[in-house]
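For our numbering, count along the sequence shown from 1 and bump the result up by 36.
Virtual Cβ for every residue (Gly too), placed ideally from N, Cα, C.
All values reported here derive from a predicted model rather than from experimental measurement.
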Amino acid sequence: MSSEAAAPVRIRNGLAAALALVLLAACDRAPEPAAPAGEADATASAADGTIHPEAWPQLAWPLPADPELEKKIDDLLASMTLEEKVGQIVQGDIASITPDDVRKYRLGSILAGGSSDPGGKYNAKPAEWLAVADAFWEASMDTSGGGKPIPVIWGIDAMHGQSNVVGATLFPHNVGLGATRNPELLRRIGEITALETRTTGMEWAFAPTVAVPQDVRWGRAYEGYSENPEVVAQFAKAMVEGLQGKPGEPGFLDDRHVMVSVKHFVGDGGTSGGRDQGDTQVSEAELRDVHAAGYKTAIEAGAQSVMASFNSFHGTKLHGHRPLLTDVLKGRFAFGGFVVGDWNGHGQIPGCTATNCPATFAAGLDMAMAPDSWKGMYESTLAAAKDGTLPMERLDDAVRRILRVKFRMGLFDAPKPSQRALGGKFELLGAPEHREVARQAVRESLVLLKNQGGVLPLRASQRILVAGDAAHDMSKQTGGWTLNWQGSGTTRADFPNADTIWEGVERAVRAAGGKAELAVDGNYKSKPDAAIVVFGEEPYAEFQGDIPNLLFKPGDDSDLELIRKLKADGIPVVAVFISGRPLWLNREINAADAFVAAWLPGSEGAGVADVLLRKPDGSVNHDFKGKLSFSWPRNAVDAAVNAPGYQPQFAFGYGLTYADNGDLASLPEDSGIQGLQAPAGVFFARGQLTAGLALQLEDAQGQATPVTTVPAALADDSLAVAAVDHQRQEDARRFTWSGAQPAAVAIAATPAQDLARETNGDVMLALTLRPDAIPASGSVTVAAGAGQPLPLRETLAALPAGQWTTLGIPLKCFAAAGADTASLDVLLRLRSDAATTLSVSQVSLAAVGEVEHTLSCPQ
Numbered sequence: 037m038s039s040e041a042a043a044p045v046r047i048r049n050g051l052a053a054a055l056a057l058v059l060l061a062a063c064d065r066a067p068e069p070a071a072p073a074g075e076a077d078a079t080a081s082a083a084d085g086t087i088h089p090e091a092w093p094q095l096a097w098p099l100p101a102d103p104e105l106e107k108k109i110d111d112l113l114a115s116m117t118l119e120e121k122v123g124q125i126v127q128g129d130i131a132s133i134t135p136d137d138v139r140k141y142r143l144g145s146i147l148a149g150g151s152s153d154p155g156g157k158y159n160a161k162p163a164e165w166l167a168v169a170d171a172f173w174e175a176s177m178d179t180s181g182g183g184k185p186i187p188v189i190w191g192i193d194a195m196h197g198q199s200n201v202v203g204a205t206l207f208p209h210n211v212g213l214g215a216t217r218n219p220e221l222l223r224r225i226g227e228i229t230a231l232e233t234r235t236t237g238m239e240w241a242f243a244p245t246v247a248v249p250q251d252v253r254w255g256r257a258y259e260g261y262s263e264n265p266e267v268v269a270q271f272a273k274a275m276v277e278g279l280q281g282k283p284g285e286p287g288f289l290d291d292r293h294v295m296v297s298v299k300h301f302v303g304d305g306g307t308s309g310g311r312d313q314g315d316t317q318v319s320e321a322e323l324r325d326v327h328a329a330g331y332k333t334a335i336e337a338g339a340q341s342v343m344a345s346f347n348s349f350h351g352t353k354l355h356g357h358r359p360l361l362t363d364v365l366k367g368r369f370a371f372g373g374f375v376v377g378d379w380n381g382h383g384q385i386p387g388c389t390a391t392n393c394p395a396t397f398a399a400g401l402d403m404a405m406a407p408d409s410w411k412g413m414y415e416s417t418l419a420a421a422k423d424g425t426l427p428m429e430r431l432d433d434a435v436r437r438i439l440r441v442k443f444r445m446g447l448f449d450a451p452k453p454s455q456r457a458l459g460g461k462f463e464l465l466g467a468p469e470h471r472e473v474a475r476q477a478v479r480e481s482l483v484l485l486k487n488q489g490g491v492l493p494l495r496a497s498q499r500i501l502v503a504g505d506a507a508h509d510m511s512k513q514t515g516g517w518t519l520n521w522q523g524s525g526t527t528r529a530d531f532p533n534a535d536t537i538w539e540g541v542e543r544a545v546r547a548a549g550g551k552a553e554l555a556v557d558g559n560y561k562s563k564p565d566a567a568i569v570v571f572g573e574e575p576y577a578e579f580q581g582d583i584p585n586l587l588f589k590p591g592d593d594s595d596l597e598l599i600r601k602l603k604a605d606g607i608p609v610v611a612v613f614i615s616g617r618p619l620w621l622n623r624e625i626n627a628a629d630a631f632v633a634a635w636l637p638g639s640e641g642a643g644v645a646d647v648l649l650r651k652p653d654g655s656v657n658h659d660f661k662g663k664l665s666f667s668w669p670r671n672a673v674d675a676a677v678n679a680p681g682y683q684p685q686f687a688f689g690y691g692l693t694y695a696d697n698g699d700l701a702s703l704p705e706d707s708g709i710q711g712l713q714a715p716a717g718v719f720f721a722r723g724q725l726t727a728g729l730a731l732q733l734e735d736a737q738g739q740a741t742p743v744t745t746v747p748a749a750l751a752d753d754s755l756a757v758a759a760v761d762h763q764r765q766e767d768a769r770r771f772t773w774s775g776a777q778p779a780a781v782a783i784a785a786t787p788a789q790d791l792a793r794e795t796n797g798d799v800m801l802a803l804t805l806r807p808d809a810i811p812a813s814g815s816v817t818v819a820a821g822a823g824q825p826l827p828l829r830e831t832l833a834a835l836p837a838g839q840w841t842t843l844g845i846p847l848k849c850f851a852a853a854g855a856d857t858a859s860l861d862v863l864l865r866l867r868s869d870a871a872t873t874l875s876v877s878q879v880s881l882a883a884v885g886e887v888e889h890t891l892s893c894p895q
């Protein structure tokens, strides 16, 4: 736990009244005049975490006061019970809440998290989404129990289009859109995203992300438009106006638009080491001028919601940071919408839990995102309102802000979602005109880094090989936040309105009279005239996307070897790199004749073919327009862009066109990283543990014997370990318990591992294992840290005997069993008191959808 200044959690009697006066004064006070520029900058240059609101610009809220609207809010607020008010400020997730719950507790909002879907199906049909929207709306408007008819509002992560729904148009992720430098294109993308979102019943998009990532090791870097705050500010305004419409113009917040959540306020892209949910230790001036740049323009564009961030600012969690949430955001920025939390983010405030946190509302949060903790949060917040811990003035202010947005959107007069203007118009999902805009975005996002000898554009009339494991893989092409949280585990059939890069190339080549061949491994049937090798990162989102350095696939040179193999055959090679960030790829760039950064292009892989291939008549079809929105690294060590002394390989703004000389001198091939490297989140693989981990065998008395070589065994022969083969020679370990005495095998960590954020994100500890001999009785358990063991024998017995499979153990199961997931000195302990044989080839972190079997948490 970082050293946050502990916000008060429970204030009694007279202190409650005092806090109420302070909060009321904060809500009612007039904006203070801005300090002179020189004085403000000097004040904000300190890097101790102090916030000086007077050093922040005074913005103007673009929506004029509406006395008629305020009268409606006043009348409704005056008639609401305390229970109804508290319901408005708590948001539950559809995986953990039912329409009957909304009917009973009168919650004001629901969300569908990254892997929350109707019926638990990631590929649920659009009609199933709409039916859920109707059911929750009907529950919120049901007055049979005496409650007020206050429409529920549904938020969803429409991150790059309505990316949760099968068939929707999928635009490039923000990292690619930033390379287009085309804000008008962004505005159109926002409009289309709003249309497609409305077809399935949602009114609220948790977008855009306006982070300004300064370290691309951060797993959410691809959610940022650029490392440059000016680009982010420009794009934030365009996207907000596209999603919501423009204030004062017809259509603003109508049922062809959605409200936004500009996120994550503030500094999420500036954490030390690029660690997700980490600590941002920059000066106040940098926080204001760099990381808040997108919020200024988004608020001036009328953004109706801002999402608080998981990160801390100099040790203080943003969900509990009153100076930033209240004094700056609602004060200096004059933000007139409401502040929503992130996934149980309030529970990270010192003294709070996911189910009890009045402090977050005192700091300025208006709606707590309590996805699976909503009931406890509702009950504790109600108790806090009754005893004065949560002052009525603050509660009323939060409810007023939420109701104001609902009235602005016309939700009180709207019918159920399926009967609204776009409800059920599923033909809009992936409509041809929408896909054409996405295809344009792909074309304009591509950045050409090298074009040796002018090898590009290729003649489409020749014989072209398409190789590489991303050439015909929609999951890689679309990345995280696509149909599920991490974007993994999907199939080609899940993308009916889409083209892979291979499909786009093949169609264009065939139309020009050429011949295209797909050979992922490069083993062609007929020697091609040119090869396009498409490779890149596996899909990821937060947590799993964080990496320790900028190496690409450390320890795995298969993509480099593929490029070199084709080059050795005398074939010109065009490398197309799919990624959510720039990585160190000097060897691959050197090996290829041309190198294209394609980012995460989304559903329209044909946009890549549009630029790489000439027209049938030999003329240029589309030129490269993309310019780097993030500087490209010179080595794998220097990940913090704009740091003192930082020298990129390719600077921000770099990008060749066909008119440029694309020749590139050979780049240095020293990554700057020494020793064996393992991918982030992998603890054991290929027969090796990552640095800081150790394997040990433990006897019945808990005495540990380190395993430095195999085979090895305990002195009493209760447990032995040997090397076995899975995918390669001796890449796995077989553990054999004799049953004579209880014994355990453990993976110990020095220093202890902090997996608290992953626990909050429903990440699992995944074991690739083979149950060789599982006992019919006895105790086989799994544990982590100092937590109580979880029963494992029945789960293992149900797995296919003698076959390799993957088993996920939710980290929250370990936490519920008493493990301190913020400080795990033992990542895994497998224990048996009966004769058991179990082989393990990998231990890593995984998300829902990435394992074949999941251990159920004991009730």
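Fill in: Touching by the beta-carbon criterion (3+ pairs, under 8 angstroms), the stretch 857-873 and the stretch 679-698
Contact annotation: the stretch 857-873 does not touch the stretch 679-698, with fewer than three C-beta pairs closer than 8 angstroms.
Discussion item. Need the endpoints of the beta strand (DSSP E) that residue 398 sits in, please.
Written reply: Counting along the chain, residue 398 falls outside any beta strand (DSSP E), though it belongs to the alpha helix (DSSP H) covering 394-399.
Worksheet item: Between which two residues does the alpha helix (DSSP H) carrying residue 219 extend?
Response: Its alpha helix (DSSP H) spans residues 219-235.
Worksheet item: In terms of alpha-carbon separation, which member of 877, 846, 822 and 842 lies closest to residue 854?
Response: Among 877, 846, 822 and 842, the Cα nearest to that of residue 854 belongs to 822.
Worksheet item: Leaving out the 5 sequence neighbours to the left and right, which residues in its chain are closer than 6 angstroms to residue 191 when beta-carbon positions are compared?
Response: The residues are 147, 240 and 242.
Worksheet item: Do the CB positions of residue 644 and residue 628 come within less than 9 angstroms of each other?
Response: If you check the CB distance, residue 644 and residue 628 do not come in under 9 angstroms.
Discussion item. Please classify residue 151 as buried or exposed, where buried requires at least 16 neighbouring CB atoms within 10 angstroms.
Written reply: With 16 or more neighbouring CB atoms inside 10 Å of its own CB, residue 151 falls in the buried class.
Discussion item. Quick test of the definition: if touching needs 3 or more C-beta pairs under 8 angstroms, does the stretch 325-345 touch the stretch 292-299?
Written reply: Segments in contact, yes.
Worksheet item: If residue 808 sits next to residue 764, beta carbons under 8 angstroms apart, how far is it from one beta carbon to the other, in whole angstroms?
Response: Going by Cβ atoms, the distance from residue 808 to residue 764 rounds to 19 angstroms, so no, they are not a contact pair.
Discussion item. Can you tell me which residues form a DSSP beta bridge with residue 520?
Written reply: Among the bridge pairs identified by DSSP, residue 520 is matched with 518.
Item to complete: Compute the distance between the beta-carbons of residue 531 and residue 883, then report whether it is under 9 angstroms.
Response: Between residue 531 and residue 883, the C-beta gap is not smaller than 9 angstroms, which leaves the two residues out of contact.
Worksheet item: Below 9 angstroms between beta carbons: does that hold for residue 741 and residue 750?
Response: Contact flag set, yes.
Worksheet item: Which of the three DSSP states, helix, strand or coil, is assigned to residue 254?
Response: It is coil, neither helix nor strand.
Worksheet entry | Neighbourhood of residue 447 by C-beta, 8 angstroms cutoff - its chain only, sequence neighbours within 5 removed | Closer than 8 angstroms at the Cβ level, and outside the excluded window around residue 447, lie 187, 189 and 239.
Worksheet item: Which residues bound the beta strand (DSSP E) around residue 867?
Response: That run of the beta strand (DSSP E) goes 860-868.
Fill in: DSSP-derived helix/strand/coil call for residue 403
In the displayed model, residue 403 falls within a strand according to three-state DSSP.
Practice prompt. Put residue 721 into one of helix, strand or coil per three-state DSSP.
Written response: Of the three classes helix, strand and coil, the one that applies to residue 721 here is strand, per DSSP.
Fill in: Helix, strand or coil at residue 878 according to DSSP, with G and I counted as helix
Here residue 878 sits in strand by DSSP.
Worksheet item: Which one or two residues does DSSP pair with residue 315 in a beta bridge?
Response: Partner(s): 348.
Item to complete: Compute the Euclidean distance between the alpha carbons of residue 71 and residue 361, then round it to the nearest angstrom.
Response: Annotation note: pLDDT 40 at residue 71 (below 50); position unreliable, no value reported.
Worksheet item: Any heavy atom of the ligand GDP closer than 8 angstroms to the Cβ of residue 244?
Response: Inclusion of the ligand GDP in the displayed structure is not the case, the ligand content being empty and no account of it being possible.
Practice prompt. Would you kindly check if the distance between the Cβ of residue 145 and the Cβ of residue 517 is under 9 angstroms?
Written response: With respect to the 9 angstroms criterion, residue 517 and residue 145 are not classified as neighbours on the basis of their beta carbons.
Worksheet item: With a CB to CB cut of under 6 angstroms and the five nearest residues on each side skipped, what residues in its chain are close to residue 705?
Response: Apart from sequence neighbours up to five positions away, the residues of its chain that approach residue 705 with a beta-carbon distance below 6 angstroms are 622 and 623, ordered along the chain.
Worksheet item: Any contact of the stretch 507-516 with the stretch 667-682, i.e. 3+ C-beta pairs under 8 angstroms?
Response: With a cut-off of 8 angstroms, the stretch 667-682 and the stretch 507-516 do not count as touching, because too few Cβ pairs lie within range.
Worksheet entry | Cα-Cα separation between residue 227 and residue 90, rounded to whole angstroms | Straight through space, the alpha carbons of residue 90 and residue 227 are spaced by roughly 36 angstroms.
Fill in: Three-state secondary structure assigned by DSSP to residue 705
Assigned with DSSP and collapsed to three states, residue 705 falls in coil, not helix or strand.
Worksheet item: Between which two residues does the beta strand (DSSP E) carrying residue 191 extend?
Response: From DSSP, the beta strand (DSSP E) with residue 191 extends over 189-192.
Worksheet item: Which first and last residues belong to the beta strand (DSSP E) in which residue 300 is found?
Response: First-last of the beta strand (DSSP E) with residue 300: 298-301.
Fill in: Residues near residue 269 in its chain [Cβ-Cβ closer than 7 angstroms; skip 5 each side]
So the list reads 329, 330, 332 and 333, once near-sequence residues are dropped.
Worksheet item: CB-CB under 8 angstroms to residue 221, same chain, minus the five flanking residues each way: which ones, in chain order?
Response: For residue 221, the CB contacts under 8 angstroms within the same chain, skipping 5 residues up- and downstream, are 213, 473, 476, 477 and 480 in chain order.
Worksheet item: From residue 819 to residue 849, what distance separates their C-alpha atoms?
Response: Taking C-alpha positions only, residue 819 is separated from residue 849 by approximately 9 angstroms.
Worksheet item: Tell me the DSSP bridge mates of residue 389?
Response: DSSP lists 392 as the beta-bridge partner residues of residue 389.
Practice prompt. Count the other CB atoms, across all protein chains shown, that sit within 10 Å of the CB of residue 892; report buried if there are 16 or more and exposed otherwise.
Written response: By the 10 Å Cβ count, residue 892 comes out exposed.
Worksheet item: On the three-state DSSP scale, how would you describe residue 420?
Response: Residue 420: helix per DSSP, three-state reduction.
Practice prompt. Measure how close the beta-carbons of residue 501 and residue 553 come, nearest whole angstrom, since I'm counting them as under 8 angstroms.
Written response: A Cβ-Cβ separation of about 5 angstroms places residue 501 in contact with residue 553 under the 8 angstroms criterion.
Item to complete: Excluding the 5 residues preceding and the 5 following residue 293 in the sequence, name in chain order all residues of the same chain whose CB lies nearer than 6 angstroms to its CB.
Response: Closer than 6 angstroms at the Cβ level, and outside the excluded window around residue 293, lie 230, 280 and 281.
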